[in-house]
Amino acid sequence: MSLIEVRQITKQYRDGARVVAAIDAVSFDIEDGDFVAITGSSGSGKSTLLTVLGVLNRPTGGTLTIDGIEVYGLTAERQADFRHVYIGFVFQSLHLIPYLSAMENVMLPLLIGPESRQRQREMASEVLTRVGLGEKLHRLPSNLSGGEQSRVAIARAIVNRPRIILADEPTGSLDSRTGDEIIELFGDLNKDLTIIMVTHDEKIQSVVPRCIHLRDGRMCGDGR
Ligand SMILES: Nc1ncnc2c1ncn2[C@@H]1O[C@H](COP(=O)(O)OP(=O)(O)OP(=O)(O)O)[C@@H](O)[C@H]1O
Ligand SMILES: [Mg+2]
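If you use my numbering, the sequence shown corresponds to residues 28 to 251, in order.
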């Protein structure tokens with residue numbers, strides 16, 4: 028059994044009278060510990076696929092099984108619990124809260140958990156140190172560089188110790204050197220986590236072990 032089993036997943040959006048298949052009958056498996064890039068031109072369905080994999084966007088058809096659990100068969104409440112345990116999501120726009128410090132942003136996913144506030148601070152500080160921000164715990168996002176802001180978003184995605192990290196163009200707004208450093212960080216995190224990353228970056232294909240290529244919502248390549 029693979030960690031993630033995608034079977035005939037379709038996602039249609041309604042655009043007025045027209046129905047657009049953003050994802051069209053896509054099937055693949057992802058193994059525990061994989062590092063997979065999802066590539067394709069703008070509008071090819073990358074973000075749609077990633078949000079479906081993140082249990083954030085119910086597909087129109089097909090099934091998604093993660094760790095043996097058919098996730099869209101769960102109630103909404105159980106889907107939320109599942110996400111909390113299994114998935115860390117790094118959004119392209121990062122979604123950092125501007126008036127909270129790096130540490131407070133990273134603590135956000137812990138607030139609904141059982142740990143004491145003191146333990147939550149320790150956990151946030153540990154992951155921020157791991158992503159190289161141990162000296163900047165109390166900075167506001169506006170006082171951090173773009174690459175550092177990405178690191179805060181990554182720290183927030185891993186602080187719960189999820190099994191899977193999904194990242195939507197985490198290097199999209201960064202210069203190429205800073206982008207390379209973020210890819211290196213993901214490579215390091217991949218020692219303990221399965222990573223699926225959407226990217227426009229053609230270079231990534233030489234770095235990441237596996238690349239799934241989309242065109243018009245269909246899979247047109249799966250290279251290892
Ligand atoms: N909520 C929505 N409602 C209607 N159509 C949508 C919606 N979200 C996406 N689409 C359409 O689905 C298709 C795939 O969009 P998606 O955002 O997944 O592409 P993408 O590969 O992530 O593109 P980009 O590289 O520009 O981020 C596009 O045609 C888009 O217009
Ligand atoms: Mg997108």
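All C-beta atoms in this analysis are idealised placements derived from N, C-alpha and C, irrespective of residue type, glycine included.
CB contact flag (residue i, residue j, <9 angstroms)
i	j	result
R178	V158	yes
I223	I192	yes
V82	I36	no
E128	L80	Here residue 128 is Ser; the residue named in the question, Glu, does not match the sequence. For S128 and L80, no; Cβs fall outside 9 angstroms.
V234	L77	no
H227	S69	yes
T221	D59	yes
Contacts around residue i, its chain only, beta-carbon distance under 6 angstroms, and the 5 residues preceding and following it disregarded
i	result
A49	K38, Y40, G72, T75 and G244
T92	E32
I181	V117 and V158
E97	T90
A52	Q35 and T37
Own chain, CB closer than 7 angstroms to residue i, minus 5 neighbours either side, in chain order
i	result
R251	P236 and R237
H111	N187
R183	N132, V133, L135 and P136
V28	Looking at the sequence provided, one finds Met at residue 28 rather than Val. So the list reads G95, once near-sequence residues are dropped.
G67	K73, H240, L241 and R242
Own chain, CB closer than 8 angstroms to residue i, minus 5 neighbours either side, in chain order
i	result
R148	M130 and M134
P86	I36, T37, K38, I50, V79 and Y99
C-beta neighbour in chain D for residue i, strict 9 angstroms
i	result
Q232	Of the chains in the structure shown, none is chain D; there is only one protein chain.
Nearest-angstrom beta carbon gap, residue j and residue i [assumed within contact, 8 angstroms]
i	j	result
I209	G174	6 angstroms
V154	I185	6 angstroms
Decide yes or no for the touch test of the segment 189-208 against the segment 104-123: beta carbon pairs closer than 8 angstroms, at least 3 of them.
yes
Using only Cβ atoms and a threshold of 7 angstroms, which residues come within that distance of a heavy atom of ligand 3? Order them by chain position.
No copy of ligand 3 occurs in the structure displayed; its ligands are ligand 1 and ligand 2 alone.
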